[in-house]
Amino acid sequence: MEKYSGNTLEKCLMEASKELNIPLDSLEYEVIKESKGLFKKNVTIRVKNKTSSLKNEINETKNIKKEDAQIKVLQGKIVITDGKEYGKSAKIIPGENVVIKLNGEEIFEATEVFSNTEVEINLMEQESKRYINIEVSKDKMEAYLTVKYVPHIVYALEDQEPANTLTLKTKILKEEFPPKFTQNEIVAYLKDAKVIQGINYEHINKLTKMDEVNNIIIARGEIAIDDLPDVIDIRFNLKKSLSFDSNNQDRIDYKDVCAVESVTPGEVLAVLTKGTKGKDGFDVYGKAIKRKEAKQVTFKAGKGTEFKDGSTIIASMAGKPTLKSGVFEVNEVYEVKSDVDINTGSVKFNGNVKIFGAVKEGMKVEATGDIEVLGGLESALLYSYGNISVIGNILRSTITAGGTDTDKLTLVKLYEDLLWSLNELILATEEVKKFNLLGNNITDGQIIKLLIETKFKSIIKTCETILLTYKEKNSSNDTIEKYIRYKLLGFTPLTIKHYSEVVNLNGILKNEIKELKSKTSIPVDTALNYCQESEINCSGDIIFQGKGLYQSKLKAGGSIYFKAPSVVRGGTLEAEKEINCKTVGSLGGVATKLWVPKHGHIYAEVAYQNTYFSVGEKEVILDVPSKKVHVYLDQDEFIIMDRFNI
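For the sequence shown, UniProt numbering assigns the number 646 to the last residue and increments by one with no breaks.
Written out as structure tokens, the structure is:
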């Protein structure tokens, strides 16, 4: 036997395995000393090789000659018979759970022993132990119990036949298991582990009668049951044929686009099915798990409609049904069977307008509902709070779909740009102050002015654009305008005493953005064939399903889509979500600019040189004709252009 010491049991075993060249699982060992100090721990073990021990035992009773000494165990006593003059001396080896002292000194390996040797045998006892372990799942929804019982064992020496070399063996004299954990004890351990909810007391009571428990669930949380939302079954065709399907490249029938779906009095427009309230859950630690609450659904009867009962809305007049912000309406449809020109005059109608001809030079068509034009536009203006569709060509004209929503969306974008830049400015200011990068005798205002002029020049451009927008719309937010004029432009940052004034502006911008978004109605869409040298503003999506555009300016609160064979040649396109084109630019390199915010994407089947792709504040210019173009920002906000050369 060998002794090994170390600060952990694992290190002792590794050292023994390496030195004796014995696998770990072939080692027999016992801990003979274990000391713990405040800063140091020490363990000593005694190791015996299972394989060599077995061989020794086999050879113990073989080849005993008459002249050799013998040793045996009889009725639990060691009996030693000395050999003759030339015989081998008897040897004794401590077996498992046996401690041998010869003449007062403990031995660990085969040692000679004689009849006059003082032999002291101590048999180790295994102390009874109870182990309990509680584990909780990663999602904290289940707790598992493991219980093991180790008995108290008393050993006695086993009688053995005479041998020249003898390894002492033991037998179990007495085995007694410790008392089993009670239900109260297990519950107390659960509380120590902070498991307090979903405990199965009946199950625990059954487990207290088991000799061993392996990873059995004793507590389970309750998952949250989400609310089932109210469901509105709309019985008329909402946003008919203005939706875009990128997988369907078939050209649509424009007669269908402009077909006004009408209803008659008493016709059912929508039916509300009430949802159900869910239930909050909890984990085994007692932490509440909130259910997903269903949003409150707006279900109101507006102009030209009424409730048949509490859950059904019907038409009370003939006309075109619409749904905006949860309010159902039926509006009259004003039809112009000819062109809108100097003979008919401009059109302004509280409802939907359908024009069977064209809208001529200098004419305006304004509507609180949808506008549908079967002809084209020439130096004309369309303004609606609803969807707009134009089948004919649009030349040098202006279209606004969504009414004042388009103005609100413009301001929201500008405010969000300014908010992002100011957040970066605040972080930079804090860093300059923290590390004293510009010296001691410098004010917050001086730091901010320097940063705006060097690192954050976009703040100046955004502020000037906001002021210009205020002027064009003849409307402004006085508080934001004062901050811009007297705290951010020119030399005015020098008046800032503490950068918290910029933090205050951020709070004002957040509130204004939230307010504007809350006042924005459901986005409306615009469906077009071809436009040239025109301006198109829309609170939702702009969809081209004909020839496309040339040298025009587009701005969409949603996305801009082009279906084949539409092309984009020249101009500026801005969308809040994505721009999806078929062909952009031309072999001649006409300048075309496409922009989306930093979370947006730009796609083009074919794009030519001199096409500008902008995502947020990052821009890349295409210098060679390419196909399958995709432009976006990666997670580190670097602009990425995926493409193939043509």
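From the three backbone atoms N, C-alpha and C, an ideal C-beta is built for every residue, glycine too.
Sequence-distant partners of Lys303 (beyond 5 residues in either direction) whose C-beta falls short of 8 Å from its own C-beta, in its chain, are Glu329, Val330, Asn331.
Excluding the 5 residues flanking it on each side, Gly310 has no same chain C-beta neighbour closer than 7 Å. For Tyr383, the closest C-alpha among the options Leu411, Ile391, Gly375, Gly351 is that of Gly351.
Closest in alpha carbon position to Asp636, among Lys598, Lys628, Gly403, is Lys598. The straight-line gap separating the alpha-carbon atoms of Thr410 and His498 is approximately 30 Å. In the three-state DSSP reduction, Lys482 falls in the helix class (H, G or I). Residue state for Lys191 is assigned as helix, using DSSP reduced to three classes. The stretch 120 to 128 and the stretch 170 to 178 touch, with three or more beta-carbon pairs separated by less than 8 Å. Only residues of its own chain outside the window of five on either side were considered, and among them Glu67 have a CB closer than 7 Å to the CB of Lys84, listed in chain order. At the C-beta level, Lys487 and Ile496 come within 8 Å of one another. When the alpha-carbon of Lys449 is set against those of Leu489, Ile484, Ile45, Ser475, the nearest one is in Leu489. Residue nearest to Gly375 within the set Glu574, Leu395, Lys408 is Leu395 (criterion: CA-CA distance). Lys337 is classed as exposed because its beta carbon has fewer than 16 other beta carbons within 10 Å across all chains shown. Looking at the DSSP output, Asn133 bridges to Thr146. One thing to note: Thr583 has its Cβ within 8 Å of the Cβ of Val606. With three or more CB-CB distances shorter than 8 Å, the stretch 281 to 301 counts as touching the stretch 225 to 239. An exposed status is given to Asp159, since fewer than 16 other beta-carbon atoms sit within 10 Å of its beta-carbon. Assigned with DSSP and collapsed to three states, Tyr603 falls in strand. In this chain, the beta strand (DSSP E) harbouring Lys101 covers 98 to 102. Listed as beta-bridge partners of Pro151 by DSSP are no residues whatsoever.
DSSP links Leu573 through a beta bridge to Leu554, Leu594.
Under the three-state reduction of DSSP output, Met363 falls in the coil class, being neither helix nor strand.
Within 10 angstroms of the beta-carbon of Arg485 lie fewer than 16 other beta-carbons, which makes it exposed.
Membership of Ile218 in the beta strand (DSSP E) is indicated by the continuous run 213 to 220.
In this structure, the straight-line span from the alpha carbon of Leu587 to that of Gln609 is close to 7 Å.
For His203, there is no enclosing beta strand (DSSP E); the enclosing alpha helix (DSSP H) has its first and last residue at 201 to 207. Rounded to whole angstroms, the separation of the alpha carbons of Gly357 and Glu366 is 16 Å. A straight-line Cα-Cα distance of about 37 Å links Ser35 and Ile196.
In this structure, Ile216 lies away from Ala270, with their beta-carbon atoms at least 8 Å apart. The way I'd put it, the stretch 428 to 447 doesn't touch the stretch 562 to 571; fewer than three beta-carbon pairs between them come closer than 8 Å. Of the candidates Ser389, Thr322, Tyr385, the residue whose Cα lies closest to the Cα of Lys354 is Ser389. The straight-line gap separating the alpha-carbon atoms of Pro493 and Gly445 is approximately 5 Å. The continuous alpha helix (DSSP H) containing Asn504 extends over residues 500 to 518.
DSSP, reduced to helix, strand and coil, places Val584 within a strand of the structure shown.
Taking C-alpha positions only, Lys618 is separated from Ile639 by approximately 6 Å.
When the five nearest sequence neighbours on each side are left out, the beta carbons in the same chain lying within less than 6 Å of the beta carbon of Ala575 are those of Ala556, Ser559, Ile560, Val596, in order along the chain.
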